[in-house]
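These notes are about the structure you will find just below.
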Amino acid sequence: MSVHFDVVVVGAGPGGMAAATVAAEAGCRVCLLDDNAAPGGQIWRGFKAETARKYPHGGSFIRWAARIQRSGCIAAQGWQVVDQPAPGLLRLDQVDGCGNERGEGRREIGFEKLIVATGARERFLPFPGWTLPGVMGAGGLQALVKAGLDPRGKRVVLAGSGPLLLAVGAGLAGAGANVLGICEQAPITRLAGFALSLLAHPGKLVEGARYRLKALRAAYRSGCWVVQAEGRGCVERVTLTDGHTQWSIDCDWLGCGFHLVPNLELPRLLGCRIVDGSVAVDRLQQSSVPGVSCVGELTGIGGLEKALVEGQIAGWAAAGPEPEALRLAPQRQRLQQFAARLDRAFALRPELRALASAETMVCRCEDVQFSALEGCANWRQAKLHTRCGMGACQGRVCGAAAEFLFGWKNVSARPPVFPAAVSTLASPEDASELLDR
Amino acid sequence: MSESCSITVNGKQVRVSSGASVAAAVIMANEPCRFSESGEPRGPLCGMGICMECCATVNGVPHRRTCQMICATGMEVVTG
């Protein structure tokens with residue numbers, strides 16, 4: 001037996017919160033599932049209604065958190081979707097240690113309409129030393145600091161690509177870290193073009209300027225990238241280059257991420273059509289699978305406002321009133337254009353394909369070195385011959401790297417889409433306890 | 438300032454702010470979360486439940502994603 005909802009939303013970041021709120025306000029029975037301990041996704045991670053106002057984007061969090069609480073939506077934190085055993089049915093696993101070998105924490109949940117808002121992760125690229133403890137994603141480091149990691153006095157270098165670097169630099173500096181450098185791989189010419197294009201988005205420009213001012217003391221430098229990290233047991237020094245000269249900086253942490261890639265595992269499992277690395281959706285956010293919508297980063301990396309607008313459109317569309325959903329169409333179009341500009345401005349330079357040495361691990365789960373992959377023809381062959389992408393992260397890290405390094409496409413997704421206990425995959429219990437909250 | 442709580446990581450006491458993730462506590466204890474297939478020490482990478490590098494044994498349950506777990510006083514984390 002399973003519990004049934006009119007609308008199930010997967011992912012409680014801004015897009016999922018907006019979708020769930022709007023659908024519940026329109027009278028639907030809505031369940032919002034999320035694998036973290038608290039709602040907010042990445043950009044609103046660790047925010048609390050009482051204190052959020054002092055953070056960038058805190059105001060919008062406070063408004064949506066208040067609205068969702070009044071909406072009657074049932075929010076279930078700490079659950080992740082691992083499979084769709086039958087159309088209209090999701091199999092869940094509890095994340096925080098309760099789902100274990102004894103089979104507690106396994107559930108099934110049914111839906112009429114499904115809205116997927118699983119967000120994005122950072123793209124990681126392998127370079128010598130990137131597996132050392134202390135080398136983290138830039139967003140990863142920010143997420144850990146939001147989750148209580150104390151950065152005071154730590155010497156931090158940020159490298160990679162994307163507007164996130166600046167936001168992370170400002171956040172870390174504000175929290176007391178000693179940010180020694182922010183190295184953006186994109187060349188100044190492309191960044192300048194991007195900045196000009198922001199004139200169409202005055203809100204974004206102000207946001208960018210605010211980050212810039214805060215991080216002023218840190219050296220923001222475009223057209224340079226990480227070459228290697230070194231240290232005994234953990235990172236102690238990072239080497240950077242601008243393509244002509246190399247220099248090294250002693251540091252405690254390196255935050256390195258190359259912009260973002262959408263978390264496509266669930267849409268892929270559901271059979272949603274994916275075009276150029278994003279889920280293809282219509283003007284109501286409907287995917288190629290009837291009853292399944294996708295919003296936010298899944299349809300193109302575009303940030304907070306795009307996720308909120310798309311989430312509302314999908315929420316209204318799931319509840320029925322099409323004219324309401326289409327009211328936001330002009331805003332949606334503008335934000336999608338912004339997403340396309342982001343993509344172009346932060347496109348990866350070809351030099352990054354040459355960072356890994358023969359011994360550099362590409363697959364961190366199975367310890368597959370770059371040299372083992374060079375002879376493979378495609379992703380499938382790499383998996384079969386080397387176990388690349390076959391470990392616990394299921395290719396979430398090395399898959400995006402291999403796509404950039406070798407041009408391999410990963411087109412399949414198999415259940416379970418997250419590691420799950422065998423007992424979760426056996427006969428599940430109903431989800432009635434989700435309703436007790 | 439917010440309240441704090443104390444957990445042990447490989448027997449070391451670590452004090453973190455209330456609501457902190459277990460992964461944050463492991464980093465502050467200067468311990469790797471796990472050792473890879475070939476024996477490399479590894480720590481958290483993504484901080485958001487994607488990469489599985491932060492998996493450790495928490496209160497006797499192996500393979501816990503520590504970046505998605507909140508510290509509770511008395512929690513015992515064993516890495517490696």
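Going down the list, the protein sequences come from chains A and B. In terms of the working numbering, the first sequence opens at residue 1 and continues consecutively. In terms of the working numbering, the second sequence opens at residue 438 and continues consecutively. Heads up, the beta-carbon is just placed ideally off N, CA and C, and yes, glycines get one too.
Beta-carbon proximity check, residue 470 of chain B vs residue 397 of chain A, cutoff 9 angstroms: Position 33 of the second sequence, counted from the start, is the residue given in the question as residue 470 of chain B. Position 397 of the first sequence, counted from the start, is the residue given in the question as residue 397 of chain A. Contact check for residue 470 of chain B against residue 397 of chain A fails: the beta carbons are separated by 9 angstroms or more.
Contact between the stretch 349-368 of chain A and the stretch 389-403 of chain A (3+ Cβ pairs under 8 angstroms): In short, these stretches touch, since the Cβ pair count reaches three.
Sequence-distant residues of its chain with Cβ nearer than 8 angstroms to residue 509 of chain B (five each side left out): Position 72 of the second sequence, counted from the start, is the residue given in the question as residue 509 of chain B. Once the five neighbours on either side are set aside, the close Cβ partners of residue 509 of chain B are 442 and 444.
Inter-stretch contact (C-beta, 8 angstroms, three-pair minimum) for the stretch 190-199 of chain A and the stretch 231-239 of chain A: Too few Cβ pairs lie closer than 8 angstroms, so no.
Cβ-based contacts, 7 angstroms cut-off: residues of the stretch 439-471 of chain B near chain A: Listed by position, the residues of the stretch 439-471 of chain B near chain A (Cβ gap below 7 angstroms) are 453, 454, 456, 457, 458, 460, 461, 464, 465 and 469.
Distance CB(residue 347 of chain A)-CB(residue 190 of chain A) smaller than 9 angstroms: Numbered from its first residue, the first sequence carries residue 347 of chain A at position 347. Numbered from its first residue, the first sequence carries residue 190 of chain A at position 190. Yes, Cβ-Cβ distance for residue 347 of chain A and residue 190 of chain A is below 9 angstroms.
7 angstroms CB neighbourhood of residue 504 of chain B in its chain, flanking five on each side removed: Walking along the second sequence from the start, residue 504 of chain B turns up at place 67. The residues are 458, 460, 481, 484, 485, 486 and 491.
Short-range partners of chain B found in the stretch 65-84 of chain A, where Cβ spacing is below 9 angstroms: Residues passing the 9 angstroms Cβ filter: 78 and 80.
Below-9 angstroms beta-carbon distance, residue 93 of chain A vs any chain B residue: Here residue 93 of chain A corresponds to residue number 93 of the first sequence, with the count starting at 1. Interface flag for residue 93 of chain A against chain B is unset, since no Cβ pair is found closer than 9 angstroms.
Test: residue 513 of chain B CB closer than 9 angstroms to a CB of chain A: Here the question's residue 513 of chain B lines up with position 76 in the second sequence. So no, residue 513 of chain B is outside the interface.
Closer than 9 angstroms to chain B by CB, residue 49 of chain A: The residue labelled residue 49 of chain A in the question sits at position 49 within the first sequence. Judged by the 9 angstroms Cβ criterion, residue 49 of chain A is not in contact with chain B.
Cβ of residue 480 of chain B within 9 angstroms of any chain A Cβ: The sequence position of residue 480 of chain B within the second sequence is 43, counting from 1. Closer than 9 angstroms: yes.
Beta-carbon neighbours of residue 517 of chain B, restricted to chain A and to distances below 7 angstroms: Counted from its first residue, the second sequence places residue 517 of chain B at position 80. Residues of chain A passing the Cβ test: none, with the nearest at roughly 12 angstroms.
Per-residue burial, residue 246 of chain A [other beta carbons within 10 Å of its own, 16 or more giving buried]: Here residue 246 of chain A refers to the residue found at position 246 of the first sequence. That one is exposed.
9 angstroms Cβ cutoff, residue 360 of chain A in contact with chain B: Within the first sequence, residue 360 of chain A is the residue found at index 360, counting from 1. No, no contact with chain B.
Integer-rounded CB distance, given that residue 351 of chain A should sit under 8 angstroms from residue 243 of chain A: Residue numbering aside, residue 243 of chain A sits at position 243 when the first sequence is read from its first letter. Residue numbering aside, residue 351 of chain A sits at position 351 when the first sequence is read from its first letter. By a beta-carbon distance limit of 8 angstroms, residue 243 of chain A contacts residue 351 of chain A. Their separation comes to about 7 angstroms.
Any chain B beta carbon closer than 9 angstroms to residue 440 of chain A: Residue coverage of chain A in this structure runs from 1 to 437, which leaves residue 440 of chain A outside it and unanswerable.
Proximal chain B residues relative to residue 42 of chain A, where beta-carbon distance stays under 7 angstroms: Taking the first residue of the first sequence as 1, we reach residue 42 of chain A at position 42. Close to residue 42 of chain A, with beta-carbon spacing below 7 angstroms, are these residues of chain B in chain order: 485.
Alpha-carbon spacing of residue 383 of chain A relative to residue 373 of chain A, whole angstroms: For the purposes of this step, residue 383 of chain A is taken as residue 383 along the first sequence, with counting starting at 1. For the purposes of this step, residue 373 of chain A is taken as residue 373 along the first sequence, with counting starting at 1. The straight-line gap from Cα to Cα measures roughly 9 angstroms.
Proximal residues, the stretch 382-394 of chain A versus chain B, C-beta separation under 7 angstroms: Per Cβ criterion, the list reads 392 and 393.
Within-9 angstroms CB hit, residue 36 of chain A to chain B: Along the first sequence, read from residue 1 onward, the residue named residue 36 of chain A stands at position 36. Yes, residue 36 of chain A lies at the interface with chain B (some Cβ there is under 9 angstroms from its Cβ).
Neighbourhood of residue 285 of chain A by C-beta, 7 angstroms cutoff - its chain only, sequence neighbours within 5 removed: Translated into positions along the first sequence, residue 285 of chain A becomes position 285. The residues are 293, 294, 295, 310, 313, 314 and 317.
DSSP state of residue 108 of chain A mapped onto helix, strand, coil: One-based indexing of the first sequence puts residue 108 of chain A at position 108. It is a strand residue.
Bridge-paired residues (DSSP) for residue 478 of chain B: The residue you call residue 478 of chain B lines up with position 41 of the second sequence. Note: residue 478 of chain B sits in a beta bridge opposite B/472.
Proximity test, Cβ basis, 9 angstroms: residue 162 of chain A and chain B: Here the question's residue 162 of chain A lines up with position 162 in the first sequence. No, no contact with chain B.
Neighbour-count burial assignment, residue 22 of chain A, 16 or more Cβ in a 10 Å radius: The sequence position of residue 22 of chain A within the first sequence is 22, counting from 1. Its Cβ being crowded by 16 or more others within 10 Å, residue 22 of chain A is buried.
Selection from A/29, A/392 and A/405 that minimises the alpha carbon distance to residue 421 of chain A: Working through the first sequence from its first residue, we reach residue 421 of chain A at position 421. Nearest option by C-alpha distance: A/392.
The stretch 395-423 of chain A: positions lying closer than 8 angstroms to chain B by Cβ: Along the stretch 395-423 of chain A, going in chain order, the ones with a CB nearer than 8 angstroms to a CB of chain B are 396, 397 and 419.
The alpha helix (DSSP H) enclosing residue 406 of chain A, as first and last residue numbers: Taking the first residue of the first sequence as position 1, residue 406 of chain A is located at position 406. Residue 406 of chain A: member of the alpha helix (DSSP H) spanning 398-406, first to last residue.
Cα-Cα separation, residue 419 of chain A to residue 266 of chain A: In the first sequence, residue 419 of chain A corresponds to position 419, counting from 1. In the first sequence, residue 266 of chain A corresponds to position 266, counting from 1. Using only the alpha carbons, I get a separation of about 13 angstroms.
Contact list for the stretch 361-382 of chain A against chain B, Cβ threshold 7 angstroms: Answer set for the stretch 361-382 of chain A: 364, 365, 366 and 367.
Assigned exposure category for residue 192 of chain A - 16 Cβ within 10 Å defines buried: Within the first sequence, numbered from 1, the residue matching residue 192 of chain A stands at position 192. With fewer than 16 other Cβ atoms within 10 Å, it is exposed.
For residue 221 of chain A: DSSP bridge partner residues: Sequence index remark: in the first sequence, residue 221 of chain A carries index 221 (1-based). Paired residues: A/183.
Expected contact under 8 angstroms - CB spacing of residue 37 of chain A and residue 129 of chain A to nearest Å: Residue 37 of chain A sits at position 37 when you count from the first residue of the first sequence. Residue 129 of chain A sits at position 129 when you count from the first residue of the first sequence. Actually they do not touch by this definition, with Cβ atoms about 31 angstroms apart.
Collapsed DSSP secondary structure at residue 444 of chain B in the structure displayed: Locating residue 444 of chain B in the second sequence gives position 7, counting from the first residue. In the three-state scheme derived from DSSP, where H, G and I count as helix and E and B as strand, residue 444 of chain B is classed as strand.
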